[in-house]
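From first to last, the protein sequence lines are chains A and B. Okay, so the first sequence: first residue is 12 according to the numbering used here, each after it adds one. Okay, so the second sequence: first residue is 5 according to the numbering used here, each after it adds one. For every residue, glycine included, the Cβ atom is placed at its ideal position computed from N, Cα and C. Written below as structure tokens is the structure these notes are about.
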Amino acid sequence: MKYKTVIGLEVHVQLLSKTKIFCSCSTAFGKEPNSQTCPSCLGLPGSLPVFNMEVLALSLKAALVLHCRIQKVMRFDRKNYFYPDLPKAYQISQYDMPLAQNGYLEITDDDRLKRIGITRVHLEEDAGKLIHTGAESLVDFNRCGTPLIEIVSEPDINSPDEAYQYLTKLKSILTYLEVSDCNMQEGSLRCDANISLCPVDSAELGAKAEVKNLNSFKAVRDALKYEAGRQKRLLEEGGRVTQETRLWEENKKVTLSMRSKEEAHDYRYFPEPDLPIFEINEEDIETAKRSLPELADERKSRFVEQYSLSDYDAGILTSAKPLADYYEKCLVILAEPKEVANWLAGAVMAELNARNENFSSIKLKPEELVEMIKLVRDGKINSKAAKEVVLPEIIEGGKKTSDILKEKNISQVSDEGEIGKIADEVIRRNEKSVNDFKEGKKNAIMYLVGQVMKGSKGRANPKTVKEILEKRLSE
Amino acid sequence: MDVKYTAELAKIRLNKEQVDKLGSELNDILSFFKNLKEVDTKGVEPLSHVLALKNVFRDDIVKPSLKKADVLKNAPQKDTHYIKVPRVIKG
Ligand SMILES: [Zn+2]
Numbered sequence: 012m013k014y015k016t017v018i019g020l021e022v023h024v025q026l027l028s029k030t031k032i033f034c035s036c037s038t039a040f041g042k043e044p045n046s047q048t049c050p051s052c053l054g055l056p057g058s059l060p061v062f063n064m065e066v067l068a069l070s071l072k073a074a075l076v077l078h079c080r081i082q083k084v085m086r087f088d089r090k091n092y093f094y095p096d097l098p099k100a101y102q103i104s105q106y107d108m109p110l111a112q113n114g115y116l117e118i119t120d121d122d123r124l125k126r127i128g129i130t131r132v133h134l135e136e137d138a139g140k141l142i143h144t145g146a147e148s149l150v151d152f153n154r155c156g157t158p159l160i161e162i163v164s165e166p167d168i169n170s171p172d173e174a175y176q177y178l179t180k181l182k183s184i185l186t187y188l189e190v191s192d193c194n195m196q197e198g199s200l201r202c203d204a205n206i207s208l209c210p211v212d213s214a215e216l217g218a219k220a221e222v223k224n225l226n227s228f229k230a231v232r233d234a235l236k237y238e239a240g241r242q243k244r245l246l247e248e249g250g251r252v253t254q255e256t257r258l259w260e261e262n263k264k265v266t267l268s269m270r271s272k273e274e275a276h277d278y279r280y281f282p283e284p285d286l287p288i289f290e291i292n293e294e295d296i297e298t299a300k301r302s303l304p305e306l307a308d309e310r311k312s313r314f315v316e317q318y319s320l321s322d323y324d325a326g327i328l329t330s331a332k333p334l335a336d337y338y339e340k341c342l343v344i345l346a347e348p349k350e351v352a353n354w355l356a357g358a359v360m361a362e363l364n365a366r367n368e369n370f371s372s373i374k375l376k377p378e379e380l381v382e383m384i385k386l387v388r389d390g391k392i393n394s395k396a397a398k399e400v401v402l403p404e405i406i407e408g409g410k411k412t413s414d415i416l417k418e419k420n421i422s423q424v425s426d427e428g429e430i431g432k433i434a435d436e437v438i439r440r441n442e443k444s445v446n447d448f449k450e451g452k453k454n455a456i457m458y459l460v461g462q463v464m465k466g467s468k469g470r471a472n473p474k475t476v477k478e479i480l481e482k483r484l485s486e
Numbered sequence: 005m006d007v008k009y010t011a012e013l014a015k016i017r018l019n020k021e022q023v024d025k026l027g028s029e030l031n032d033i034l035s036f037f038k039n040l041k042e043v044d045t046k047g048v049e050p051l052s053h054v055l056a057l058k059n060v061f062r063d064d065i066v067k068p069s070l071k072k073a074d075v076l077k078n079a080p081q082k083d084t085h086y087i088k089v090p091r092v093i094k095g
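Set out below in structure tokens:
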């Protein structure tokens, strides 16, 4: 029997507000444990939550870009459960009156656009962080009360690769919006996945497993691949899939049942009495719409059209907002879209990859990169020297292109006399190549050009070298 | 009314006597709701919240948090940085 894979994703994203969702504590990451708390986020008696206006603005942007219908009235509800990372013993979340519903996200599947439905986008507060050591668990409440949106997809995803694409697209959109930095290592994006299998021609969904402990997009894809395989084997052997929560074990590359004896959760949601309802009117929605920036897809099309870039280069340059912004900053200084694109998408990205660095933390100033590109264009240095000597120095930030030029003695030599001397020497020593060339093997000259370049320690202008050699060999 | 289940959710331990007493009290309370159900609510808009307020916001401006020493003061178990609780996951 053939089976169809059905996947739904629940993604939690931290919003980039300066303060927490219901109190004025800072949301900064990586601070001393328990240094960013107050009576409200610690759940001390007598304290009251007050909703952060910026959180509404950020979440509205996200919901609009996900094509959701914004609710006219939203309400917060209490989700009740006991856990040491939740000091109030309830989480302020949204239940039946969430921020937004019925949206979608488009992914590209084999060059075909596919729409993945978004069931809902709702607001909630994050819990604290637990560190498990020996016989104890340590609690840090700094994260407690950090604003989150939960984005729930419809079960429209039909393969682990589509799930990977959905997450990549979602991250691209949310980082472009500057709504979240979506950093999975720091926990600002977290994902749980539901997966079930059913016969291709069946309309009924099979029993699903919820997979947790997914720490990267790759882990999501790997875990779903494993889980699809496991469920298929079970069904083919005539077994049944148990509806349960399973944890992904990154080291062993398997999912394991949590085997918890806990009965089904009973969260007893009820309206949060400490917060009023929130009405979102047309004007709020229009304001949010006007504040939406150009997103990756639009920007890519514009780059192709406005700067005559290839689809491929435009795709790389718009893959992250900081990179696209950087590119356009360079163009303000040097209006050579193709040349700048080649350097940025090529050598600069390669150098960063080699250093295992992310573009968002680049220290190289657009001014210095442009300076280097100009020097290459004007024939002052050759591109090899730029790539191998100048770029690795200026990419660390702090150093000026012009200083490195003096320091490393790599100014390009275009002087015919100096190159001529090296060329004569090369011609004398490479009789065979010279004869080959004279007998009509025109490619033989490239070897001689290479030798002259080597003789000049890479400083000669290759174009001049070729001209001089051709002149001398035809004499 | 399942008193034991409710007590379990609220993490309180009850003896047999208390279960019986609370059971009958809670049943009395629940029966009051039956009276409410008899009220004719035709044409009455559903209420989404008991507060008459709406749209109460604050600006996104950081204010000083509590000192760590004060935060940890009430914790029965702690070290210099953290509140300590009995280990909550196995393994
Ligand atoms: Zn606080």
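Assigned secondary structure, residue i (DSSP; H/G/I helix, E/B strand, else coil)
i, result
"residue 40/A", "coil"
"residue 164/A", "strand"
"residue 48/A", "coil"
"residue 27/B", "helix"
"residue 204/A", "strand"
"residue 290/A", "strand"
"residue 32/A", "coil"
"residue 93/B", "coil"
"residue 348/A", "helix"
"residue 261/A", "coil"
"residue 241/A", "helix"
"residue 279/A", "coil"
"residue 124/A", "strand"
"residue 256/A", "strand"
"residue 131/A", "strand"
"residue 337/A", "helix"
"residue 38/B", "helix"
Rounded distance between the beta-carbons of residue j and residue i, thought under 8 Å
i, j, result
"residue 463/A", "residue 415/A", "Not confirmed; about 24 Å, so no contact."
"residue 91/A", "residue 101/A", "5 Å"
"residue 87/A", "residue 286/A", "5 Å"
"residue 76/A", "residue 159/A", "Their Cβ separation, rounded to whole angstroms, is 17 Å, which puts residue 76/A and residue 159/A out of contact at 8 Å."
"residue 299/A", "residue 72/A", "6 Å"
"residue 98/A", "residue 40/A", "Incorrect: roughly 20 Å between the Cβ atoms, too far for contact."
"residue 387/A", "residue 394/A", "5 Å"
"residue 265/A", "residue 237/A", "6 Å"
"residue 95/A", "residue 89/B", "4 Å"
Boundaries (first-last residue) of the alpha helix (DSSP H) holding residue i
i, result
"residue 175/A", "171–187"
"residue 227/A", "No alpha helix (DSSP H) contains residue 227/A, which DSSP labels as neither H nor E."
"residue 480/A", "473–484"
"residue 310/A", "307–318"
"residue 462/A", "455–466"
"residue 70/A", "64–76"
"residue 76/B", "72–77"
"residue 1/A", "Lying before the first or after the last residue shown, residue 1/A is absent from chain A, which here runs from 12 to 486."
"residue 10/B", "7–13"
"residue 14/A", "Taken as a continuous stretch (DSSP letters only), residue 14/A belongs to no alpha helix (DSSP H), being part of the beta strand (DSSP E) at 14–25."
Below-9 Å beta-carbon distance, residue i vs any chain B residue
i, result
"residue 148/A", "yes"
"residue 237/A", "no"
"residue 143/A", "yes"
"residue 120/A", "no"
"residue 93/A", "yes"
"residue 290/A", "yes"
"residue 262/A", "no"
"residue 28/A", "yes"
"residue 151/A", "yes"
Below-9 Å beta-carbon distance, residue i vs any chain A residue
i, result
"residue 70/B", "yes"
"residue 3/B", "One cannot answer for residue 3/B here, as it falls past the ends of chain B, which runs 5 to 95."
"residue 67/B", "yes"
"residue 26/B", "no"
"residue 40/B", "no"
"residue 1/B", "Outside the shown range of chain B (5 to 95) lies residue 1/B, about which nothing can therefore be said."
"residue 16/B", "no"
"residue 59/B", "yes"
"residue 44/B", "no"
"residue 55/B", "yes"
Residue span of the beta strand (DSSP E) that contains residue i, given as start and end
i, result
"residue 267/A", "265–268"
"residue 355/A", "First-last for residue 355/A: undefined, no H or E at that position."
"residue 115/A", "111–120"
"residue 88/A", "88–91"
"residue 151/A", "147–151"
Q.
Going residue by residue through the stretch 373–452 of chain A, where are the continuous alpha helix (DSSP H) segments of at least 4 residues, counting only ones entirely within it?
A. 377–388, 402–405, 412–419, 427–440 and 442–449
Q. Which residues, in order along the stretch 45–66 of chain A, keep a beta-carbon less than 8 Å from a beta-carbon of chain E?
A. The chain labelled as chain E is not found among the protein chains of the depicted structure, namely A and B.
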